[in-house]
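A short write-up of the structure that comes next.
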Amino acid sequence: MSTEISERPDGMAAPADPNEPFLVVENLTVKFPTHDGLVQAVSDLSYSVERGKTLGIVGESGSGKSVSSMAVLGLHDPKHTRLSGSIHVDGFEVIGAAEDRMRKIRGNSVAMIFQDALTALHPFYSIGDQISEGYRIHHKVSKGEAKKRAIEMLDRVGIPQPNRRVDDYPHQFSGGMRQRAMIAMALVNDPQLLIADEPTTALDVTVQAQILDLLQDLQREFNSAVIIITHDLGVVAEMADQTMVMYAGRAVEYGATREILTHPEMPYSWGLLASIPEVGGDANARLIPIPGTPPSLLNPPTGCAFHPRCPHVDKVPGDLCRTTLPDLVPGERGENHVKRCHLPNPGEIYKEEILPEIAPDLIDPSTGEMIPELAAVDPNDI
Amino acid sequence: MSTVTNADVERAPEHSGAPSGDPLLEVRDLTKYFPVKSGGVVRRTVAHVQAVDGVSFSLRKGESLGLVGESGCGKTTTGRLITRLYDPTSGAINFEGTDISGLTRRQMMPIRSEIQMIFQDPYSSLNPRHTVGTIVGTPLRVHKMVPEKKVLPRVQELLEVVGLNPEHYNRYPSEFSGGQRQRIGIARALALQPKLLVADEPVSALDVSIQAQVVNLLKDVQEEFGIAFLFIAHDLAVVRHFCPDVAVMYLGKIVEIGDRETIFEHPHHPYTQALLSAAPDVKQAAVGGRRERIRLEGDVPSPINPPSGCRFRTRCWMAQEICAKQEPPLMQIGKKHKVACHFAGEYGQQPDRPVTAGLLGVDDQGNPDGGVAPVQDLHNAPGFADTWFDLNTKSVTPS
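Heads up: the sequence lines are chains F and B, in that order. Quick note, the first sequence lines up with residues 69 to 450 if you use our numbering. Quick note, the second sequence lines up with residues 582 to 980 if you use our numbering.
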């Protein structure tokens, strides 16, 4: 990392290499010392997001999906966190960056939408004040201009009568409107990277659909990079270009979304797909849950962290799953689909055992092969 | 009591003996208005939140009915009215032929053991200072189901039924994960061998991989003990998986009710259609790309001052004059299908003229029409009749 690039903390200038993705995370490890010992919340995580693209991060609670993206914004208290690895935001190294530099990035070129809008908004300040605060910090404008901008943003996210609602307080907004207000707050400086942490989990389905549509429209308009963190595979399926599945602080599968959803190679991904009922699926089919519970990160299992819950451990020769952590390496379907699993023939197992159970309608009954649409998915097509 | 025969003993727990086929639970015109008080010393009632407004449905023994809707639509209130955690403003709740809506606390006591509830949040619904043994054993003690000496063995039996280690009866809720806590809640609800379980969002607080475990457990429990379920949830996929019958609520009213296939494959109410199109679907997106969603504008209106006529009209893309003037009746349009919409029809094939005009005795704009007499047969009855209003012929069709 040359010092020349590091001097551009605001990230507004063109990057040294325009082909480089906007966000590059490499070997990120986040540890929290606690009374009970060291919690390794994120281990050796690498990913990147390009402008105009969306990355979906999926995992259960405690899988490290929120912790890793909070590190991108430098939101962890340095006194209680041990960070290592590197995070480049438009070429600027975030890890170890001084706080005043970070403040120039936060809310400006990188912004975040939080899960619970009621706790993320300050109850004592009006919505307009909270939206214009971020604008005034990063732009030299008067209060009046900032307010005009706040009204414009509220209008943009679809709040009716924005010039009246701008003076309202958070409690006067409904849940969906609060979430919109928070999106307006995140977008006020036209960020190039937007991190949405469970943006729709607290919302009803019809409002969720509105918010997801809004995020997609805004992304198209500003060509921003978006990270969407969720436990809902349905949201990922509709929103993300790329998907990363996380388990116990590590990426266990990573690739193009359609590829991950149609040809998953890691038993945990199979388990996630099998355990959700589908609106269009067979109503009488039994759900296939993942047995057991997510592991404690204080004392993670040896070898592959998923092995105590994995039904396919026997198919791996020797005691490999219990003793050796598998590497995140390309599977059977090319360079762009990586997985962390010892299984030698995941594609075959998926086709023979998993697919007939979770989605029999995707198998051609006459040939026993996958339907053409499914087989035709290109692993490199994002 | 030496004259008591064996047959009497066996029949005793059967309660008043509702013959099978009769509904276990029949809810008729159930209404709950919560008063809104003004500030100041004299807290006068200034308005009412019309949380549940004239809901009717019926549930047979061992069946399950799903209650779907967005937050604030009154689905949780309905559940709590049936368990009598709230007192209804009006309407009847017939449980095994007895109206329990007006019973006193003391009169409710024997019925409480028949209707149990599973709560949404497994963290706040278990007392953190009580052991699991106490939590699951309390209903047994209160209702004197088993002698004191048998309480512990019964608790262990229940823990085993829900898939927990029976040796863990001495542990506290904090020692369990979310999914395990929900199992404790289920064990507590099963302790009294209820006939009806009201499950209020039983899996929405759980992780995806754990949700399936709990849904499967509830299914097993239902099959094994023949318990009827009122399954309240906002997750359409879970409801579809669990319930053969589904009711969709909007702003305190049922807008569509029917069997699973009808509601999910052929919804006739625009709100149901919007709800279904909004639910993200993994397989669809993976194979066929994105579907077009029906975009609903705005939020659910306030139940303090709901819109006139049809309550959905402020967000409905088909709303016309009649929708503001006349409330659409919940009319039966199929063997097991009721819908409350003036323009009921499958998506994209909705009629141009209100189908209800003739029934209500109004013209197409919703103004009273002297020439047509309103059909009186539109009462908001629970269950389904043998005859229904055919949308194609616009006449009542015998089955």
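All C-beta atoms in this analysis are idealised placements derived from N, C-alpha and C, irrespective of residue type, glycine included.
Taking 8 Å as the upper bound on Cβ-Cβ separation, chain F lies near residues GLU651, SER652 of the region 637–659 of chain B. Between F/ASP265 and F/MET180 a beta carbon distance of about 7 Å is seen, short of the 8 Å cut, so the two are scored as contacting. The beta carbon of B/ASP950 is closer than 7 Å to those of GLY942, VAL943, ASP944 in its chain, skipping five residues each way along the sequence. B/GLY915 and B/SER976 have their alpha carbons spaced roughly 12 Å apart. For the options B/LEU739, B/GLY759, B/SER671, the alpha carbon positioned closest to that of B/TYR750 is the one of B/LEU739. Looking at the DSSP output, B/PRO604 sits in a beta bridge with B/ARG641.
Note that the C-beta distance between B/PRO783 and B/ILE716 is not below 7 Å. A Cβ of chain F is located within less than 7 Å of the beta carbon of B/LYS864. Close to B/VAL789, with beta-carbon spacing below 8 Å, are these residues of chain F in chain order: GLU128, HIS299, ASP300, LEU301, LEU340, SER343, ILE344.
Within chain F, THR361 have C-beta atoms less than 7 Å from the C-beta of B/GLY760, given in sequence order. Cβ atoms of F/GLY402 and F/PRO447 come within 8 Å of each other, at about 5 Å. Shown in chain order are the members of the region 238–259 of chain F whose Cβ falls below 9 Å from a Cβ of chain B: SER242, GLY243, GLY244, MET245.
Assignment of B/ASN797 by DSSP, reduced to helix, strand and coil, places it in the helix class. Just measuring C-alpha positions, the residue of B/HIS724, B/LYS730, B/MET689, B/GLU804 sitting nearest B/ARG769 is B/HIS724.
Taking the C-beta atoms as reference points, B/SER694 is found no nearer than 7 Å to B/LEU811. Between F/GLN108 and F/LEU340, the gap from beta carbon to beta carbon reaches 7 Å or more. Think of a sphere of 8 Å around the beta carbon of F/GLN229: no beta carbon from chain B falls inside it, the nearest being about 12 Å out. Less than 7 Å divides the Cβ of F/ASN95 from the Cβ of F/GLY153. At a cut-off of 7 Å between C-beta atoms, B/ASP702 does not count as an interface residue with respect to chain F. Residue state for B/ALA809 is assigned as strand, using DSSP reduced to three classes. One thing to note: F/LEU396 has its Cβ no nearer than 7 Å to the Cβ of F/ARG377. For the options F/ALA427, F/LEU388, F/ASN367, F/VAL157, the alpha carbon positioned closest to that of F/PRO101 is the one of F/ASN367.
Contact note: B/ASN797 reaches chain F through ARG354, LEU355, ILE356, PRO357, using a C-beta cutoff of 9 Å and chain order. The Cβ of F/GLU333 sits no closer than 7 Å to any Cβ of chain B.
Within the region 664–693 of chain B, the alpha helix (DSSP H) runs of at least 4 residues that lie entirely inside it are, in chain order, 686–693. Secondary structure at F/SER152: strand, using DSSP grouped into helix, strand and coil. With a threshold of 7 Å between beta carbons, B/ASP880 makes contact with chain F. Cβ proximity to chain B below 8 Å picks out ASP272, VAL273, THR274, VAL275, GLN276, ALA277, GLN278 from the region 266–279 of chain F. Among the residues facing chain F, B/HIS849 is not included, as its CB has no counterpart in that chain under 7 Å away. Beyond the five residues adjoining it in sequence on each side, F/GLN284 comes within less than 8 Å, by CB distance, of MET307 in the same chain, given in chain order. Within the region 373–405 of chain F, the runs of beta strand (DSSP E) at least 3 residues long that lie entirely inside it are, in chain order, 396–399. Any Cβ of chain F closer than 7 Å to the Cβ of B/PRO861 would place that residue at the interface, and such an atom is present.
The residue from B/GLY929, B/VAL795, B/PRO963, B/GLY650 with its alpha-carbon nearest to that of B/GLN913 is B/PRO963. In this structure, B/PRO669 and B/SER682 form a Cβ contact; the two beta carbons are roughly 5 Å apart against a cut-off of 8 Å.
Contact between the region 837–850 of chain B and the region 672–687 of chain B is not established, with fewer than three Cβ pairs separated by less than 8 Å. Counting along the chain, B/GLU837 sits inside the beta strand (DSSP E) bounded by residues 834–840.
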